[in-house]
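In terms of full-length UniProt numbering, the numbers along the sequence shown are unbroken and rise by one, the last being 680.
Remarks on the structure that follows.
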Amino acid sequence: MGRNWAIVVGINDYDNLRALKYAERDAASVRDFFGELGFEQVYFFAAGAPAIQAKSGAPISAEPTTSRLRNFLRRRLQGKPLEAGDTLWFFFAGHGKRKNERDYLMPIDADPGDVTNTGLAVRDLTEQLRGSGAGNVILLVDACRDDGSRDGVGIGLEKQQGVITLFSCAPEQQSYEIDELRAGAFTYALLQGLRIQGEGNCATVARLAEHVRVQVPYLVERYRRTRQNPYLVAEPASKQNLILLPRQASPADVLMLKNAALQAENRGDRDLARDFWLRVLAVGYDMEAVQAIERLAAGSSTTRRSRAGMQSGSRSSTSVSIPQLPQLPRRQMLQLLGLGGGAMGFAVIGKVVSDAVKSSSSGIKPAPTLSPSQTPQTFSSDNLPETPEPPKSQTWGGRKLEDFQFETVQLSDTGKITKRETLTRKRFNQKIAGDVSLQMVQIQAGKFLMGSPVSEAGRRDIEGPQHEVTVPNFFMAQTPVTQAQWKAVAKLPKVKTDLKPEPSKFKGDRRPVEQVSWWEAQEFCDRLSKLTGLTYRLPSEAEWEYACRAGTKTPFHFGHTITPDLANYDGNYTYDQGAKGKYRELTTDVVIFPANAWGLNDIHGNVWEWCADHWHENYQGAPTNGTAWLKNKKDANRLLRGGSWDDYPADCRSATRLNYSPGFRNNLIGFRVCLSVAAQ
Numbered sequence: 001m002g003r004n005w006a007i008v009v010g011i012n013d014y015d016n017l018r019a020l021k022y023a024e025r026d027a028a029s030v031r032d033f034f035g036e037l038g039f040e041q042v043y044f045f046a047a048g049a050p051a052i053q054a055k056s057g058a059p060i061s062a063e064p065t066t067s068r069l070r071n072f073l074r075r076r077l078q079g080k081p082l083e084a085g086d087t088l089w090f091f092f093a094g095h096g097k098r099k100n101e102r103d104y105l106m107p108i109d110a111d112p113g114d115v116t117n118t119g120l121a122v123r124d125l126t127e128q129l130r131g132s133g134a135g136n137v138i139l140l141v142d143a144c145r146d147d148g149s150r151d152g153v154g155i156g157l158e159k160q161q162g163v164i165t166l167f168s169c170a171p172e173q174q175s176y177e178i179d180e181l182r183a184g185a186f187t188y189a190l191l192q193g194l195r196i197q198g199e200g201n202c203a204t205v206a207r208l209a210e211h212v213r214v215q216v217p218y219l220v221e222r223y224r225r226t227r228q229n230p231y232l233v234a235e236p237a238s239k240q241n242l243i244l245l246p247r248q249a250s251p252a253d254v255l256m257l258k259n260a261a262l263q264a265e266n267r268g269d270r271d272l273a274r275d276f277w278l279r280v281l282a283v284g285y286d287m288e289a290v291q292a293i294e295r296l297a298a299g300s301s302t303t304r305r306s307r308a309g310m311q312s313g314s315r316s317s318t319s320v321s322i323p324q325l326p327q328l329p330r331r332q333m334l335q336l337l338g339l340g341g342g343a344m345g346f347a348v349i350g351k352v353v354s355d356a357v358k359s360s361s362s363g364i365k366p367a368p369t370l371s372p373s374q375t376p377q378t379f380s381s382d383n384l385p386e387t388p389e390p391p392k393s394q395t396w397g398g399r400k401l402e403d404f405q406f407e408t409v410q411l412s413d414t415g416k417i418t419k420r421e422t423l424t425r426k427r428f429n430q431k432i433a434g435d436v437s438l439q440m441v442q443i444q445a446g447k448f449l450m451g452s453p454v455s456e457a458g459r460r461d462i463e464g465p466q467h468e469v470t471v472p473n474f475f476m477a478q479t480p481v482t483q484a485q486w487k488a489v490a491k492l493p494k495v496k497t498d499l500k501p502e503p504s505k506f507k508g509d510r511r512p513v514e515q516v517s518w519w520e521a522q523e524f525c526d527r528l529s530k531l532t533g534l535t536y537r538l539p540s541e542a543e544w545e546y547a548c549r550a551g552t553k554t555p556f557h558f559g560h561t562i563t564p565d566l567a568n569y570d571g572n573y574t575y576d577q578g579a580k581g582k583y584r585e586l587t588t589d590v591v592i593f594p595a596n597a598w599g600l601n602d603i604h605g606n607v608w609e610w611c612a613d614h615w616h617e618n619y620q621g622a623p624t625n626g627t628a629w630l631k632n633k634k635d636a637n638r639l640l641r642g643g644s645w646d647d648y649p650a651d652c653r654s655a656t657r658l659n660y661s662p663g664f665r666n667n668l669i670g671f672r673v674c675l676s677v678a679a680q
């Protein structure tokens, strides 16, 4: 398998340009991802990063200045340390400029008044990257950040021969940072796409480009109410068939790459054909690829053999006909490639290639010359639509349900991340006032085992006996109610109870509201219901646990343990074999930690969440249909679930139960809302 090297640069605090918020964090996330993939070398440049060991001589400072970056590129890439089957990645998050019809990336000390001397010319950079000897060079540019965006309108007008370049925005646009994501929109979507496993993955250049082309505009429109359209420049365009992540490649990906390799041979482009065949071998052993590489190494090609045969009249030296894929509309081709979902893509493409091979196997004939109408369609910056198709949607109760994607993680027993997966669910946007809204996630009906087993660490008798519960379809808010959402609803007309507009101790629009009683949470639901015409309510205890577990049976939806990197609780303490970590001593913004498999965030820790149920000492006689378990007693204690920022990790388990009087409030307690499907 070919080697992978990466050079990753992220700059926040410029000497002469506006400071950025998340460029360094984005670069660190990309560095970590490449590390997870097992890249042979990942060179990381950022303020305060460890020095980099060069091939020879003294270590190079990782401070991303112009001179140090140029020095590193010269010292490390000279002498062609990489080979044709290898891939060199270059990621840059920061500012970019265009000067005298040339693109420049701006190092930390770059002078906007002297761009040509202090910036890194993209043309020169790509020449150095190609000079490494790597058969594949991939340039990922998240530039154009300024005042919440990455400055450099115009970056991307140059095309770099032999390089795959994915730009974060069109030349006339800017690249935005999203506070809610603590990331640049492009890098967030890029990593999201690269992490997709199984069907619909982004193993190829074309699919990764399509993913960011759809997801980035969606994120920027949602959070910034503006436009940002990434685009791809692949020179030559057939490079879009390149497999970026061999471990995730499907048989259909390999077939498409083989076809591109054969076409390159047929055109006489032996270097490109060799690169493609080597990438086929990176996925796994393939006899056809081995034979092709041997043929190319011998100085021959399908096209050359054809010409020799035609000149000499020798039948033994004629070429094998190259099977061609039929011409299909772009949308249909994307569906066949897996971008439309489902497993039919491989079956259809496999049949197409098989039929083509059968039609040519009855006799040996010269390789065909393709007419323009027969040339397989490729996807480049010239034919990618400027605006994405909207996410798949349907309606419920007059609300449009939209697909949304999110990342989940699974932990080992010692708290190490063993799996990352990007999932898709449906939700609708419940507008409250202005740009304040609730994201209501669709929770599908199912059965689960409620409560904890006697063997679970930290278990108490009030969590048993375990019993099977059937839960119908419902909607649940993606996060606990935030202070912005609370404030908007508090301004609505009173139903029964007065609401303070800002009750929370820890201020922040994106932080969960706290210091609210059960009665006040109920008033929130009543006011929201009156506004929308839908019946918003607190979840039943069964609904809450069903939603929290998201199909898991472990103490946490992450697995058998939890870490402070994944939830907000008292990190001075551990659960089972997990490690200690940060104790933040306050609430945190919602949606900064990974979601569970339903797409719900902050379900473990941050704030306790009120449920509709009255308190019962155990589950003897509890309902099995998912409804709230109530007593004929108005002032009965109410249930709380989920744990908080000030609790032990054991108190944040999926099965942990707590109760307080309905009038009680403190800075550990918040809530999230639900909606019955039958309520439309």
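C-beta atoms are modelled at their ideal positions from N, C-alpha and C, and glycine is treated no differently.
Check	Outcome
Within a Cβ cutoff of 8 Å, which residues of the same chain sit near histidine 467, ignoring the five residues on either side of it in sequence?	Leu449, Met450, Gly451, Tyr619, Ala622, Thr624
Check whether the Cβ atoms of leucine 69 and phenylalanine 45 lie closer than 8 Å to each other.	yes
Should glutamate 36 be labelled buried (16 or more other beta-carbon atoms within 10 Å of its own) or exposed?	exposed
Please classify glutamine 215: does DSSP put it in a helix, a strand, or coil?	helix
Just the Cα atoms here: how many angstroms apart are asparagine 12 and glycine 446?	46 Å
Could you name each continuous alpha helix (DSSP H) segment of 4 residues or more that falls completely within the segment 576 to 641, going from the start of the chain to the end?	none
Using the beta-carbon count (16 or more within 10 Å), is tyrosine 14 buried or exposed?	buried
State the Cα-Cα distance for the pair asparagine 229 and valine 9, rounded to the nearest angstrom.	22 Å
Can you tell me which of Ala650, Phe556, Val516, Thr554 puts its alpha carbon nearest to the alpha carbon of serine 661?	Val516
Along the chain, where does the beta strand (DSSP E) containing methionine 440 start, and where does it finish?	436 to 443
On the three-pair Cβ rule with 8 Å, is the segment 628 to 639 touching the segment 529 to 542?	yes
Report the option in Asp111, Asp570, Arg267 whose CA atom is closest to the CA atom of cysteine 652.	Asp570
Apart from the five residues just before and just after asparagine 572, which ones in its own chain have a Cβ nearer than 7 Å to its Cβ?	Lys580, Tyr583
Which term fits proline 493, buried or exposed, when burial requires 16 or more other beta carbons within 10 angstroms of its beta carbon?	exposed
What does DSSP give as the partner residue(s) for tryptophan 396 in the beta ladder?	Arg399
In whole angstroms, what is the alpha-carbon distance linking proline 555 and proline 236?	51 Å
If we require 3 or more residues per run, which beta strand (DSSP E) segments fall completely within the segment 219 to 276?	231 to 234
Here's the rule: buried if 16 or more other CB atoms are within 10 angstroms of the residue's CB, otherwise exposed. What is valine 471?	buried
Please classify asparagine 4: does DSSP put it in a helix, a strand, or coil?	strand
Taking all protein chains shown into account, decide if glycine 338 is buried (16 or more other Cβ within 10 angstroms of its Cβ) or exposed.	Interpretation of glycine 338 is limited by its pLDDT of 33, a score under 50 that renders its predicted location unreliable; the figure taken from the coordinates is listed afterwards. So glycine 338 ends up on the buried side.
With a cut-off of 8 Å on the beta carbons, I'd call threonine 479 and aspartate 509 a contact; round off their distance for me.	In fact, because the Cβ distance is near 12 Å, the residues do not count as touching under 8 Å.
Using three-state DSSP, classify valine 122 as helix, strand or coil.	helix
Excluding the 5 residues flanking asparagine 383 on each side, which residues of the same chain have their C-beta closer than 7 Å to its C-beta?	Any reading at asparagine 383 must be qualified, since the residue scores a pLDDT of 31, below 50, and its modelled position is unreliable; the value itself is stated next. Correct list: empty, nothing qualifies.
Report the three-state DSSP secondary structure of proline 107 (helix, strand or coil).	coil
Specify, as a first and last residue, the run of the alpha helix (DSSP H) that arginine 68 falls within.	66 to 77
Hey, quick one: how far does the alpha helix (DSSP H) through threonine 532 stretch, first residue to last?	518 to 532
Any idea if valine 673 is buried or exposed, counting beta-carbon neighbours within 10 angstroms, 16 or more meaning buried?	buried
Let me confirm a value: glycine 85 is counted as buried when at least 16 other C-beta atoms fall within 10 Å, else exposed. Which label applies?	buried
Pairing CB atoms from the segment 170 to 187 with CB atoms from the segment 211 to 228, are three or more of them under 8 Å?	yes
What is the rounded straight-line gap between the Cα of isoleucine 7 and the Cα of leucine 139?	10 Å
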